[in-house]
Amino acid sequence: MPKQARSSRPYDLAIAGGGLVGGLVAMALLKLRPDLEIALIEAEDHFGGNHIWSFFESDVEPEHRWLVDPLISRQWDSYDVHFPKYSRNLSNGYFSIESKNLDRALRKQLPASGLKTGQQAKMVKKGLVTLANGSEIAAKAVLDVRGSGDVSALDIGWQKFCGQMLQLKEPHGLERPVIMDATVEQIDGYRFIYCLPFGDRQIFVEDTYYADTADLDSAICHDRIAAYAADQGWQVEAVLSEEKGQLPVIYGGDFEAFWHANQGVDARAGARAALIQPITSYSLPMAVKTAILIAEMSDISQKKLDEMLRNLAQNHWKNGKFYRMLCAFLFLGADPDKRYKTLEHTYMKDEKLLERFYAGKSTRLDQANLLTGRPPIPVFRAIPLLLKYR
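Note that the numbering used here has the sequence shown beginning at 165, numbered continuously upward.
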């Protein structure tokens with residue numbers, strides 16, 4: 165049974181931020197280090213926010229799947245993409261997790277004394293998390309996963325989205341997800357529709373943009389989702405849930421300046437440490453890896469945690485250089501209404517290459533392959549970007 169009370173001694177670890185990264189770290193520690201007392205601090209009244217997180221089968225190492233498998237809501241053995249020139253089915257498995265599953269698992273498994281919702285972490289420093297109401301949580305080590313923070317030192321575009329879970333009058337007819345339908349009108353950058361079939365008559369439809377600004381008008385997005393559903397012949401009975409978000413897509417910048425702009429502890433993860441997928445900005449694959457690395461540490465002291473996570477972030481930044489260059493091609497290499505051609509070009513490649521691409525494991529041969537063929541952006545734009553970001 166969860167413990168309801170504890171002494172006033174410091175926690176072994178305080179996690180500032182109860183989203184995906186913080187929640188997975190807590191769950192991994194519960195499994196591998198049940199001797200530790202953990203405080204998980206979240207500003208909202210539930211953990212994980214209001215999201216559907218998804219990942220490809222190749223994104224998460226098989227030996228790490230134990231951490232996410234209990235959270236999965238739906239899974240499929242393949243997915244589709246649609247572009248103006250072609251459509252394609254790819255056999256990489258796809259999995260989706262609803263944030264309510266994470267919230268439920270945390271409340272069921274972790275001691276109640278360590279679950280702290282409705283308490284925003286305003287300041288993080290060694291040994292202490294200060295909350296918005298002025299109270300303090302002492303811990304032997306502190307982990308900061310409070311979102312992206314100050315990104316002014318980075319060159320970024322935005323992946324912004326608005327999604328709705330739709331209940332339909334009749335079956336939608338989709339057997340697998342549509343990860344990108346870029347046949348829709350190109351507005352505000354690279355635009356596509358994303359569809360997840362959760363049941364015969366239940367489907368999650370998301371209007372997504374790779375845009376220059378983070379501005380997002382939910383009402384307009386909802387209208388476009390309704391128009392897309394109508395175009396598919398779907399009659400909507402009800403909107404069951406909604407979500408929206410704006411994720412920075414990093415294509416350059418000064419990592420050290422970014423790091424120093426976000427003061428506190430060096431023990432950071434997720435967007436706070438730029439530990440995100442370089443192309444999609446999704447955090448789940450790196451969140452799983454980070455959670456396992458932390459839980460497998462023999463000594464979770466502040467010094468050791470700072471050192472490990474700072475090194476992890478630096479190496480991830482270094483290894484992501486090629487992907488950031490591709491993002492620069494996407495955002496700077498083409499006019500907004502032609503950005504889809506970059507992804508259209510990429511998705512013509514070999515399936516295994518695409519699996520490695522999304523998993524952040526592209527080989528040198530993969531990288532050369534991705535840059536070959538008729539360029540999807542004008543050469544006079546590509547060459548300066550290649551010289552600057554290579």
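Note that CB positions come from ideal geometry on N, CA and C, so glycine has one too.
Quick caveat: nothing in here was measured; it's all calculated off a predicted structure.
Alpha carbon of residue i to alpha carbon of residue j, nearest angstrom
| i | j | result |
| --- | --- | --- |
| residue 165 | residue 361 | Confidence at residue 165 is low in this model, with a pLDDT of 35, below 50, so the placement of that residue should be treated as unreliable; the coordinate-derived value is given next. Each residue's alpha carbon lies about 36 Å from the other. |
| residue 537 | residue 195 | 48 Å |
| residue 263 | residue 465 | 29 Å |
| residue 442 | residue 296 | 32 Å |
| residue 392 | residue 270 | 36 Å |
| residue 189 | residue 241 | 27 Å |
| residue 408 | residue 378 | 12 Å |
| residue 463 | residue 192 | 15 Å |
| residue 424 | residue 439 | 16 Å |
| residue 237 | residue 259 | 8 Å |
| residue 532 | residue 507 | 16 Å |
| residue 287 | residue 217 | 27 Å |
| residue 358 | residue 386 | 13 Å |
| residue 504 | residue 353 | 8 Å |
| residue 291 | residue 180 | 12 Å |
| residue 342 | residue 298 | 46 Å |
| residue 517 | residue 280 | 43 Å |
| residue 183 | residue 372 | 21 Å |
| residue 346 | residue 232 | 30 Å |
| residue 395 | residue 515 | 29 Å |
| residue 185 | residue 495 | 27 Å |
| residue 497 | residue 520 | 24 Å |
| residue 547 | residue 382 | 37 Å |
| residue 528 | residue 471 | 29 Å |
| residue 512 | residue 461 | 41 Å |
| residue 251 | residue 480 | 32 Å |
| residue 499 | residue 540 | 11 Å |
| residue 247 | residue 458 | 40 Å |
| residue 549 | residue 543 | 10 Å |
| residue 454 | residue 530 | 25 Å |
| residue 485 | residue 419 | 11 Å |
| residue 350 | residue 390 | 17 Å |
| residue 261 | residue 235 | 6 Å |
Cβ separation of residue i and residue j, assumed to be a contact under 8 Å, to the nearest whole Å
| i | j | result |
| --- | --- | --- |
| residue 257 | residue 239 | 7 Å |
| residue 267 | residue 215 | The pair is not a contact, with the Cβ atoms about 11 Å apart (cut-off 8 Å). |
| residue 477 | residue 317 | Contact flag wrong, Cβ pair sits at about 14 Å. |
| residue 412 | residue 322 | 6 Å |
| residue 222 | residue 523 | 5 Å |
| residue 278 | residue 426 | Going by Cβ atoms, the distance from residue 278 to residue 426 rounds to 25 Å, so no, they are not a contact pair. |
| residue 333 | residue 399 | 4 Å |
Which residues DSSP lists as bridging residue i, in chain order
| i | result |
| --- | --- |
| residue 240 | 258 |
| residue 410 | 324 |
| residue 265 | Looking at the DSSP assignment, residue 265 forms no beta bridge with any residue, so it has no partner. |
| residue 467 | Partner(s): none; residue 467 has no beta bridge. |
| residue 253 | 244 |
| residue 300 | 294 |
| residue 361 | 367 |
| residue 505 | Residue 505 pairs with nothing; no bridge assigned. |
Residue i vs residue j beta-carbon contact at 7 Å
| i | j | result |
| --- | --- | --- |
| residue 415 | residue 488 | yes |
| residue 404 | residue 331 | yes |
| residue 329 | residue 245 | no |
| residue 337 | residue 370 | no |
| residue 446 | residue 492 | no |
| residue 319 | residue 428 | no |
Any non-hydrogen atom of the ligand ZN within 6 Å of residue i CB
| i | result |
| --- | --- |
| residue 505 | This structure simply doesn't include the ligand ZN, nor any ligand for that matter. |
Cβ contact check for the segment 307–326 and the segment 426–434: 3 or more pairs under 8 Å: yes
The segment 286–302 contacting the segment 170–181, beta-carbon criterion three pairs below 8 Å: yes
At least three beta-carbon pairs within less than 8 Å, the segment 200–210 to the segment 219–231: no
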